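Chemist: Please read through the structure below; I'll follow up with questions.
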Amino acid sequence: MFLPTTREEMLDRGWDAMDVILVSGDAYIDSPYLGVSVIGQLLVDAGYRVGVIGQPSIEHGEDIGRLGEPALFWGVSGGGVDSMVANYTALKKKRQSDDYTPGGVNDRRPDRAVIAYTNLVRRYFKNTAPIVLGGVEASLRRVAHYDYWSNSIRRSILFDAKANLLVYGMGEKSTLELAHTLAAGNDPSTLRGLCHIAAAPPLESLQLPSFEECAADKKAFTEMFRTFYDHNEPISGRPLAQRHGDRWLIQNRPADYLTQDELDRVSELPYERALHPFHGRNTDVRALDTIRFSLPAVRGCYGECNFCSIAVHQGQTVRWRSEDSLVRETEEIAALEGFKGHLLDVGGPTANMYGFECAKKLKKGPCLDKRCIEPEVCKSLRPDHSHQITLLNRLRKVKGIKQVTVASGVRHDLVIADKKHGGRYLNQLVNHHVSGQLKLAPEHSEDRVLKAMGKPGKTGLLEFRRRFLEASRTAGKNQFLTYYMIAAHPGCEEKDMREAKRFVSDRMHLNPEQVQIFTPLPSSWSSVMYWTGKDPFTGRDLFVERDPRRKQLQKDLLTGKGPIRRETKPSRPTGGRPRARRRR
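Letter 473 of the sequence shown, counting from 1, is numbered 473 in the numbering used here, and no numbers are missing.
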């Protein structure tokens, strides 16, 4: 059931007021993939009266005021994507489209949406209930951070937005505990997973270099980020404090992760998997094309790619839902109007991290001196694809399911490292779960660039490609690999892109189509590299391309304008029928 977004809907539920009002930079799409919907449904399930205001106008008070004033708190989110990433390309050009806006035109999400919406609330509701920030934009900007769009170190967004509290990470446990605490009239400032502002730091906290130090000294900023990054996990994370002027940002210990039972329960709340009719019954939202008929099965990622912020928001410890829960949700999807039998994805940040984690990490937290799968897969991780094999087999047997696709990215190095089940998993993908193309993200080919990215070398990629094509040939399937590549990452020069072009042409026999120019995301190691011009792990100088024209040139060098050479098509046995390629 949709959460109310109008006063009429609120009254229809028998509510005379709201306990919590959630404000989002996205249109209100009720889906387990979107944080505002998940938090709202979870609070309603716990007995609270919750409404959602999606993409309110900041020009007047009609939208923000239509549900009145909440009794407990306002929850403000920029949406499923940082608003500056949503609004601007890597070359800082205004994006014309928005996947989370009805009609697809990018005309509803303000820049720095979390700040804009908090100011909007304060403009029309004086001395109101606490304003609590959450979602990706707030979570990744919770301490002093490099902001690519202003090319500067900005303060914690909690100070710039002038909000009361900030929930970081996935937020379910913290937000629920916050609601309980406020409803009881108690002080929430010590709750795990929260940030707040204080006059002095707690005695047990680690003190980060101040905002002023970070803004003036790039070395201090690097050291600040290192300490911040190392304390994002619930087992090993310490409270952090960072001075901003005469006040302190306090980051409490990270919230405990949801158990599998809790994750199942949250994922199976009564989502509509649709756009709220308030936005128009015949209006399309592009995001729904992929998430409506897909399953979120995995959270977190131990890949730790330096250009990615998932580890800071979702965590480095992978969690997964039970097979039974995913089967039940598949049965619900199969009964939805418009479903044609194709389950579009079963995954998460990385699809094939389902079902296994490092036993040492689960007891003590992540290692600080090494990574799980870079530069190679750690022996303690012990990749095991048997659980996903079993899951996918069960999902294919659900009544009404004709095809199950694994569309989330696959880590090819994990498949190769799994000596016992990796081959069987690859064969299952090839035979049943590839819709024409399988996504891989090697990102580059040159070792020193890959090292700066936190990605493995190309040897494993070539081996996986060989196995994939051989398995496709044996199965008689006309299937391809799609490679995602990044241009102009710190450490990458034009000569590196020329070498990458030579590699993909000569060794991969293709012209890359999925190439993006690097964007320094807040709270990523690569943004630290971009700002400082140094490798934060060695202290050595690092080339950083800052000229927009030369960034574009790096991309053009890889994509080229010559004839596109695709993967060699596997031969098809006599009498077989060609498979239709997935329409892009």
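Cβ coordinates follow ideal geometry from the N, Cα and C atoms, glycine included. All values derive from a computational prediction rather than experimental measurement.
1. Can you give the Cα-Cα distance for G355 and Q388, rounded to whole angstroms?
2. Unbroken alpha helix (DSSP H) runs of length 4 or more, entirely within the segment 483-545: which are they?
3. Quickly, what does DSSP pair L481 with across the bridge? List them, please.
4. Report the residue ranges of all alpha helix (DSSP H) runs contained in full by the segment 134-212; include only those spanning at least 4 residues, in chain order.
5. Just the C-alpha distance for D187 and P130, rounded to the nearest angstrom, thanks.
6. Which residues does DSSP list as the beta-bridge partners of K363?
7. Let me know if A184 comes out buried or exposed under the rule of 16 or more other beta-carbons within 10 Å of its beta-carbon.
8. Which of the three DSSP states is assigned to A407 in this structure?
9. Reducing DSSP to helix, strand and coil, say where V346 ends up.
10. So, helix, strand or coil for V23, using DSSP?
11. Using 8 Å as the limit for Cβ to Cβ distance, is V105 near chain B?
12. For Y117, which of helix, strand or coil comes out of DSSP?
13. Would you say Q55 and D99 are within 8 Å of each other, going by their C-beta atoms?
14. Determine the closest residue to K495 out of D556, T459, H509, with distance taken between C-alpha atoms.
15. Going by DSSP, what residues sit across from D30 in a beta bridge?
16. Count the other C-beta atoms from every protein chain shown that fall within 10 angstroms of the C-beta of H433, then say buried if there are 16 or more, exposed otherwise.
17. Can you tell me whether DSSP reads G47 as helix, strand or coil?
18. In this structure, what does DSSP give as the bridge partners for F73?
19. Who are Y88's beta bridge partners in DSSP?
20. Counting along the chain, where does the alpha helix (DSSP H) carrying H421 start and finish?
21. On the three-state DSSP scale, how would you describe P456?
22. Can you confirm whether the segment 61-71 touches the segment 328-341 when touching is taken to mean that 3 or more C-beta pairs between the two stretches lie within less than 8 Å?
23. DSSP state of E323, grouped into three classes?
24. Could you check what DSSP says for V298 in three-state terms: helix, strand or coil?
25. Report yes or no: do three or more beta-carbon pairs, one from the segment 389-407 and one from the segment 341-356, lie closer than 8 Å?
26. For L249, write down the residues that DSSP places opposite it in a beta bridge.
27. Under 8 Å: do the segment 119-128 and the segment 90-104 share three or more Cβ pairs, one atom per stretch?
28. Indicate whether the contact test is met: 3 or more Cβ pairs, each with one atom in the segment 369-378 and one in the segment 434-448, closer than 8 Å.
29. Going by C-alpha to C-alpha distance, which of G338, R247, G237, F221 sits closest to A199?
30. Is the Cβ-Cβ distance between E268 and E329 less than 8 Å?
31. Going by other Cβ atoms of all chains shown within 10 Å of its Cβ, with 16 needed for buried, is M485 buried or exposed?
32. Run through the DSSP bridge pairs and tell me what V105 is partnered with.
33. Helix, strand or coil for I39 per DSSP?
34. Residue range of the alpha helix (DSSP H) that M224 falls in?
35. Any heavy atom of the ligand ATP within a distance shorter than 7 Å of the CB on D160?
36. Here's the rule I'm using: 16 or more other beta-carbon atoms within 10 Å means buried, otherwise exposed. How should P573 be labelled?
Modeler: Looking at the atomic coordinates:
1. In this structure, the CA atom of G355 is about 7 Å from the CA atom of Q388.
2. Taking only runs of at least 4 residues, the alpha helix (DSSP H) segments lying wholly in the segment 483-545 are 494-506, 525-532.
3. According to DSSP, residue pairing for L481 in a beta bridge involves L438.
4. Fully enclosed alpha helix (DSSP H) runs of 4 or longer: 135-139, 157-161, 172-183.
5. So the two alpha carbons sit approximately 12 Å from each other.
6. In DSSP, K363 forms no bridge with anything.
7. The Cβ neighbour count for A184, taken over all protein chains shown within 10 Å, is under 16; the residue is labelled exposed.
8. In the structure shown, A407 sits in coil (DSSP, three-state: anything other than H, G, I, E or B).
9. For V346, the secondary structure class from DSSP, reduced to helix, strand or coil, is strand.
10. V23 falls in the strand class under three-state DSSP.
11. Of the protein chains in the structure, only one exists, and it is not chain B.
12. Y117 falls in the helix class under three-state DSSP.
13. The answer is no: Cβ separation not under 8 Å.
14. Minimum Cα distance to K495 is reached at D556.
15. Per DSSP, the beta bridge partners of D30 are A274.
16. Buried, since its Cβ has 16 or more Cβ neighbours within 10 Å.
17. Coil at G47, not helix or strand.
18. DSSP output for F73 lists V20 as bridge partner(s).
19. Y88 is bridged to K94.
20. If you look at H421, you'll find it isn't in any alpha helix (DSSP H); DSSP assigns it neither H nor E.
21. Coil, per DSSP.
22. Taking a contact to require three or more Cβ pairs closer than 8 Å, the segment 328-341 and the segment 61-71 do not qualify as touching.
23. DSSP places E323 in helix when its eight states are reduced to three.
24. Three-state result, V298: strand.
25. At 8 Å Cβ cutoff, the stretches touch.
26. DSSP lists I197, Q242 as partners of L249.
27. Segments in contact, no.
28. Not touching, per the Cβ criterion.
29. Distances from the CA of A199 to each of G338, R247, G237, F221 were compared; the closest alpha carbon is that of R247.
30. Inclusion of E268 and E329 in the CB contact set at 8 Å is warranted, their separation being smaller than that value.
31. Under this definition M485 is a buried residue.
32. Residue pairing of V105 in beta bridges, as defined by DSSP: S97.
33. Taken through DSSP and simplified to helix, strand or coil, I39 comes out as helix.
34. Residue range 218-229 is occupied by the alpha helix (DSSP H) that includes M224.
35. Questions concerning the ligand ATP fall outside what the structure shown contains, since it holds no ligand whatsoever.
36. Confidence at P573 is low in this model, with a pLDDT of 37, below 50, so its placement is unreliable and the value that follows should be read with caution. Result: exposed.
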